[in-house]
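Student: First, the structure itself, so that you have it in front of you.
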Amino acid sequence: MRKGQTPTSSEKLLRMIRGAGVTAAAGRDEAKSRAVAADTPRVGSGGFLPFWRSRAVVGVDVSRRGVAVAAIRGRDGEFEVLALERAELAPSLSFDSDEFSRILGAVVSRACLRIPHPEIWCALSSSQADLRLVGVPKVPSSQRDNAVFWTARKELSFDEKNVIFDYEDRGEMVEKGAVKTAVFAHTIPRDVVARRKLAFERAGYTLTGMTLTAFADQNVFRSGCLPPPPGGAATLHVGDNWSRLEIYRDGNLVFTRGIKAAMTALAGAVLEGLAETAAPAPSPVFETPKGPPPVETPRGFEGSGEMVLDLDGDGAGLPDTGEPRLLTLDLSGATAGAQPLSPPLAAPADADQADAEPPVAGSVDGMDEEDARDVLLTLVEGNPGVAPGRPGHGLSAEEVMDLADPALSRLARQVEMTLKHYRETLGNDPVGALYVSGPLAAAPPFLEYLEGHLGIPCEPFDPLGAAGVKHSGESPDPKAMSLSGRCAFQQALGVALSRPRMTPNLFVTYKERREARRVTLVNQATLAVFCLILVLMAGFSVFETGRNRARAEELARISKQIEGQGVMVDTAVLNKAAVEATKTQEAIRAFAAKNLGLGAIGELTALTPPEVKLLSLTVDMGPPARQTAPPPAAAGKAAQAAKPAVKYIKKIIIDGVVEGDSQLFESVLAGYLVNLQNSPLLGDSTVSKRDVETIGGVQALHFVVSLALAGQ
62 MRKGQTPTSS
72 EKLLRMIRGA
82 GVTAAAGRDE
92 AKSRAVAADT
102 PRVGSGGFLP
112 FWRSRAVVGV
122 DVSRRGVAVA
132 AIRGRDGEFE
142 VLALERAELA
152 PSLSFDSDEF
162 SRILGAVVSR
172 ACLRIPHPEI
182 WCALSSSQAD
192 LRLVGVPKVP
202 SSQRDNAVFW
212 TARKELSFDE
222 KNVIFDYEDR
232 GEMVEKGAVK
242 TAVFAHTIPR
252 DVVARRKLAF
262 ERAGYTLTGM
272 TLTAFADQNV
282 FRSGCLPPPP
292 GGAATLHVGD
302 NWSRLEIYRD
312 GNLVFTRGIK
322 AAMTALAGAV
332 LEGLAETAAP
342 APSPVFETPK
352 GPPPVETPRG
362 FEGSGEMVLD
372 LDGDGAGLPD
382 TGEPRLLTLD
392 LSGATAGAQP
402 LSPPLAAPAD
412 ADQADAEPPV
422 AGSVDGMDEE
432 DARDVLLTLV
442 EGNPGVAPGR
452 PGHGLSAEEV
462 MDLADPALSR
472 LARQVEMTLK
482 HYRETLGNDP
492 VGALYVSGPL
502 AAAPPFLEYL
512 EGHLGIPCEP
522 FDPLGAAGVK
532 HSGESPDPKA
542 MSLSGRCAFQ
552 QALGVALSRP
562 RMTPNLFVTY
572 KERREARRVT
582 LVNQATLAVF
592 CLILVLMAGF
602 SVFETGRNRA
612 RAEELARISK
622 QIEGQGVMVD
632 TAVLNKAAVE
642 ATKTQEAIRA
652 FAAKNLGLGA
662 IGELTALTPP
672 EVKLLSLTVD
682 MGPPARQTAP
692 PPAAAGKAAQ
702 AAKPAVKYIK
712 KIIIDGVVEG
722 DSQLFESVLA
732 GYLVNLQNSP
742 LLGDSTVSKR
752 DVETIGGVQA
762 LHFVVSLALA
772 GQ
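Dropping the structure here:
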């Protein structure tokens, strides 16, 4: 705080924090308790069916001078604002300090106080990343990730151990006459992501996702909050030490450029102008002629074949290593060429504070950069102006614009040449509008100045003022806020619009997505097999149900027939009939066994031809059956020692002769035996004698045949 001035709100907050004497561990415990309180569900917040409500997303934007938090619920261009919170930060405060974690935890806790289980996303400055549209040769889908990685590594020159690499698909592009797959690749140092994540963990919150500010602005166009103008839209974010120009077409980021002309340069111009008006005219004797400032080469470009010019003239000559490269211009009047963004060459201790570059202007006659910045912010609509007694009090907007005109003209010229390079050199359609964000987004004179130089509409980047934004009873009404108040939450709102399938997440790169696709494919295959088995089982069940129904109908039909006949059939009657049938069958079998021999003789007599004369017929039925019951004591032993009895084969022995022609003896005998074997009562035959003899003076074939009885 400067001597004799009223402390600001951030200075008061820092004084309270320093005076409290709270240790870092106590601060982390307090932040954790706030996180537990924030996760407590709000009474009635879920309605009758809370699972039908979409999840609440909290977007956190951390800049050099403050933390902005926006909590929303909903998707696309229509969403409900749940909370808007902001806390000022001292520009010298390190993002790795415990004080920053306590302030961060306090502002996030206020935003999440009545939101059950929110998804928290944060954004990192795009100036710390390298973003580029890359053309990749077409390869099979299984080799696509490797092709993208090696092509991007050749273009961006990064080490995967030190940076996080990811990409987005952008359809197709024509490069040197060849059709290639277009991807938008980006890299960012791993330590920057790790430190920002650790800061949230110290504050007591776990991040769901982390993205870049360029992709946060991309969310605004992809969600439909702002209607895209013809030819696409450009966004100009005027930061403290760097400005960022990005172009979006069809909701996709297609071009990005860092410009070293921002609030520090504008404040330096105002400070220089105020110093010239306040100081007396110098004597000509001591006047030193001023020449053009020397052009210095930034670190890492000593051996480069092109010259990088500091067009602002307000810096120390070397860009901050955490910042993007400068715009390369051809001062001969040719078309401007632009160097793509590249990763930092050497990250400083606070590399994530992209705008933490030392002030370009020092103190002049009691005035410093903060005084000049306050004068510059009087251009913002609704700003109360500079307090009486402070430098710049009473200046009109035209006078402030005249003071900042040297830096304003450089900024406008660089934006104009970048848009010209995008339109003419790259062969794209001209953008339809320029959306301005940052501290001067709500400054009408600044917007009119840019519009007059660029020739396109320049508007504040104000997605909170869109028509689809809603609010509930307890949530803030964006339409009741001032334009500058809404623009302060523009970046946080873009982060809150993040969705897993729409926003690149630094925690989930192409490798994690590839693994997730593999797991999803396995799960889908398993589900498909399970569904197929389920369908087959359902079909079998339907089939069996139909068969059972048909059987039931047949049973009902038979039962109806039985009832019509008047015969009552039950189980007892059927059992009785079965017993009687069994007895009858056994009696028939006993009769057949008793008269088997007699039946066989009759069958043999019927089958004997006239040429065959039977001399004798012997029926061997075997020994008679004996049924002697063994003593009870010996019954068990007899059963154990019993051997299977030898089955006796019943047979008929035929002794006969074949008369007639001697040449037909064999054929007559063979036919006779075949007829006997075909009989159901007779079985196999065995010829034991077959001789030609003279019987009664006549030759005859004397034979003896043994026939087994069938059915044994």
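So in the working numbering the end of the sequence shown lands on 773, straight run, no missing numbers.
The beta-carbon is built from N, C-alpha and C at its ideal position, and this holds for glycine as well.
Check whether the stretch 301-314 touches the stretch 582-591, counting contact only when three or more Cβ pairs, one atom from each stretch, lie closer than 8 Å.
Tutor: Touching, no, given that fewer than three Cβ pairs across the two stretches are closer than 8 Å.
Student: Relative to the C-alpha of alanine 654, which candidate in Leu770, Lys572 and Ala611 has its C-alpha closest?
Tutor: As a first step, residue 654 is located in the sequence shown; it is residue number 593 there, counting from the start. Considering only alpha carbons, the answer is Leu770.
Student: Which runs of the beta strand (DSSP E), 3 residues or longer, sit entirely within the stretch 464-502?
Tutor: You should have 494-498.
Student: Taking a contact to mean a Cβ-Cβ separation below 8 Å, would you say serine 162 touches alanine 260 in this structure?
Tutor: On the sequence shown, residue 162 is found 101 positions in, with the first residue counted as 1. On the sequence shown, residue 260 is found 199 positions in, with the first residue counted as 1. Cβ atoms of serine 162 and alanine 260: closer than 8 Å.
Student: Which residue's Cα is closest to the Cα of arginine 231: Leu194, Arg451 and Ala661?
Tutor: Start at 1 with the first residue of the sequence shown, and residue 231 comes out as number 170. Comparing Cα positions, the closest option is Leu194.
Student: Determine the burial state of histidine 178: buried for a count of at least 16 other Cβ atoms within 10 Å of its Cβ, exposed for fewer.
Tutor: Counting from 1 along the sequence shown, the entry for residue 178 is found at position 117. Exposed: under 16 other Cβ atoms inside 10 Å.
Student: By the DSSP assignment, the alpha helix (DSSP H) with leucine 635 in it spans what residues?
Tutor: Residue numbering aside, residue 635 sits at position 574 when the sequence shown is read from its first letter. Segment 632-655, the alpha helix (DSSP H) holding leucine 635.
Student: For arginine 434, which residues in the same chain have their Cβ closer than 7 Å to its Cβ, ignoring the five residues on either side in sequence?
Tutor: The residue given as residue 434 occupies position 373 in the sequence shown. Answer for arginine 434: Met324 and Ala328, listed in chain order.
Student: Determine the DSSP secondary structure at tryptophan 211, reduced to helix, strand or coil.
Tutor: Mapped onto the sequence shown, residue 211 falls at position 150. Helix.
Student: Give the straight-line distance between the Cα atoms of glycine 361 and leucine 567, rounded to the nearest whole angstrom.
Tutor: The residue you call residue 361 lines up with position 300 of the sequence shown. The residue you call residue 567 lines up with position 506 of the sequence shown. Here the model assigns glycine 361 a pLDDT of 34, short of 50, so the residue's position is not dependable and the matter cannot be decided.
Student: From alanine 447 to aspartate 523, what distance separates their C-alpha atoms?
Tutor: Within the sequence shown, residue 447 is the residue found at index 386, counting from 1. Within the sequence shown, residue 523 is the residue found at index 462, counting from 1. According to the sequence shown, residue 447 is valine rather than alanine. Whole-angstrom Cα-Cα distance: 26 Å.
Student: Could you tell me which residues DSSP pairs with arginine 134 in its beta bridges?
Tutor: Reading the sequence shown from its first residue, position 73 is the one you call residue 134. Answer by DSSP bridge pairing, in chain order: Ala117 and Glu141.
Student: From Gln475, Glu146, Asp220 and Lys572, pick the residue whose C-alpha is nearest to that of glutamine 204; which is it?
Tutor: As a position in the sequence shown, residue 204 is number 143, starting the count at 1. The residue with the shortest Cα to Cα distance from glutamine 204 is Lys572.
Student: Can you look up lysine 778 in the DSSP assignment and give me helix, strand or coil?
Tutor: With the chain represented from 62 up to 773, any question about residue 778 goes unanswered, as that position is not in the structure.
Student: For my contact list, methionine 275 and leucine 314 are in at a C-beta cut-off of 8 Å; report their separation, rounded to the angstrom.
Tutor: Stepping through the sequence shown from its first residue, residue 275 is reached at position 214. Stepping through the sequence shown from its first residue, residue 314 is reached at position 253. A quick correction: the sequence has alanine, not methionine, at residue 275. Between leucine 314 and alanine 275 the Cβ distance is about 6 Å, and since that is below 8 Å, they are a contact.
Student: Quick test of the definition: if touching needs 3 or more C-beta pairs under 8 Å, does the stretch 541-554 touch the stretch 130-149?
Tutor: Because the criterion of three Cβ pairs below 8 Å is met, the stretch 541-554 and the stretch 130-149 touch.
Student: Considering only residues of the same chain and omitting the five flanking positions on each side of threonine 679, which have a CB-CB separation below 6 Å?
Tutor: By 1-based counting over the sequence shown, the position of residue 679 is 618. Answer for threonine 679: Ile714, listed in chain order.
Student: Please classify phenylalanine 652: is it buried, with 16 or more other beta-carbons within 10 angstroms of its beta-carbon, or exposed?
Tutor: Looking up residue 652 in the sequence shown gives position 591. That one is exposed.
Student: Quick one: using the 10 Å Cβ neighbour count with 16 as the cut-off for buried, is lysine 430 buried or exposed?
Tutor: Position 369 of the sequence shown, counted from the start, is the residue given in the question as residue 430. Per the sequence presented here, residue 430 reads as glutamate, with lysine not at that position. By the 10 Å Cβ count, glutamate 430 comes out buried.
Student: So, using beta-carbon positions, are alanine 494 and isoleucine 517 closer together than 8 Å?
Tutor: Along the sequence shown, read from residue 1 onward, the residue named residue 494 stands at position 433. Along the sequence shown, read from residue 1 onward, the residue named residue 517 stands at position 456. Their beta carbons are under 8 Å apart, which means alanine 494 touches isoleucine 517 by this criterion.
Student: With DSSP as the reference, identify every bridge partner of proline 250, one or two as the case may be.
Tutor: On the sequence shown, position 189 is the one that residue 250 refers to. Paired residue(s): Val224.
Student: In whole angstroms, what separates the C-alpha of leucine 737 from that of arginine 650?
Tutor: The count along the sequence shown starts at 1 and reaches residue 737 at position 676. The count along the sequence shown starts at 1 and reaches residue 650 at position 589. Using only the alpha carbons, I get a separation of about 23 Å.
Student: Following the continuous alpha helix (DSSP H) through methionine 598, name the residue where it begins and the one where it ends.
Tutor: Working through the sequence shown from its first residue, we reach residue 598 at position 537. Counting along the chain, the alpha helix (DSSP H) containing methionine 598 begins and ends at 571-626.
Student: Enumerate in chain order the residues of its own chain whose CB-to-CB distance from serine 498 is below 6 Å, with the five nearest sequence positions on each side excluded.
Tutor: Taking the sequence shown and counting its residues from 1, the one referred to as residue 498 is at position 437. Contacts found: His298, Phe522 and Gln551.
Student: Is alanine 132 closer than 8 Å to isoleucine 176 when the C-beta atoms are compared?
Tutor: As a working note, residue 176 is residue 115 in the sequence shown. As a working note, residue 132 is residue 71 in the sequence shown. Contact flag set, yes.
Student: Can you name, in chain order, every residue of its own chain whose Cβ lies under 6 Å from the Cβ of threonine 570, other than the five neighbours on each side?
Tutor: Here residue 570 is taken as the residue at index 509 of the sequence shown, counted from 1. Answer for threonine 570: Asp227, listed in chain order.
Student: Should the stretch 458-470 be called in touch with the stretch 252-266, which here means at least 3 C-beta pairs below 8 Å?
Tutor: Too few Cβ pairs lie closer than 8 Å, so no.
Student: Here's the rule I'm using: 16 or more other beta-carbon atoms within 10 Å means buried, otherwise exposed. How should leucine 335 be labelled?
Tutor: Stepping through the sequence shown from its first residue, residue 335 is reached at position 274. With 16 or more Cβ atoms within 10 Å of its Cβ, leucine 335 is classed as buried.
Student: Between which two residues does the beta strand (DSSP E) containing phenylalanine 764 stretch?
Tutor: Residue 764 sits at position 703 when you count from the first residue of the sequence shown. 759-770 is the span of the beta strand (DSSP E), which, as asked, contains phenylalanine 764.
Student: For a test of the three-state rule: what should DSSP assign to threonine 269, helix, strand or coil?
Tutor: For the purposes of this step, residue 269 is identified with residue 208 of the sequence shown, where counting begins at 1. Coil at threonine 269, not helix or strand.
Student: Ends of the alpha helix (DSSP H) at alanine 549?
Tutor: Translated into positions along the sequence shown, residue 549 becomes position 488. Here alanine 549 belongs to no alpha helix (DSSP H), and DSSP marks it neither H nor E.
Student: Express the C-alpha separation of serine 470 and aspartate 311 in angstroms, rounding to a whole number.
Tutor: As a first step, residue 311 is located in the sequence shown; it is residue number 250 there, counting from the start. As a first step, residue 470 is located in the sequence shown; it is residue number 409 there, counting from the start. Roughly 30 Å separates the two Cα atoms.
Student: In terms of residue numbering, what span does the alpha helix (DSSP H) encompassing serine 170 cover?
Tutor: As a first step, residue 170 is located in the sequence shown; it is residue number 109 there, counting from the start. Serine 170 -> alpha helix (DSSP H) spans 159-172.
Student: I need the boundaries of the alpha helix (DSSP H) containing valine 778, first residue and last residue.
Tutor: Here the chain covers residues 62 to 773 and nothing more, so residue 778 does not appear.
Student: In whole angstroms, what is the alpha-carbon distance linking leucine 472 and alanine 577?
Tutor: Against the sequence shown, residue 472 aligns to sequence position 411. Against the sequence shown, residue 577 aligns to sequence position 516. Whole-angstrom Cα-Cα distance: 45 Å.
Student: Is histidine 482 buried or exposed, if buried means 16 or more other CB atoms sit within 10 Å of its CB?
Tutor: Locating residue 482 in the sequence shown gives position 421, where the first residue counts as 1. Buried.
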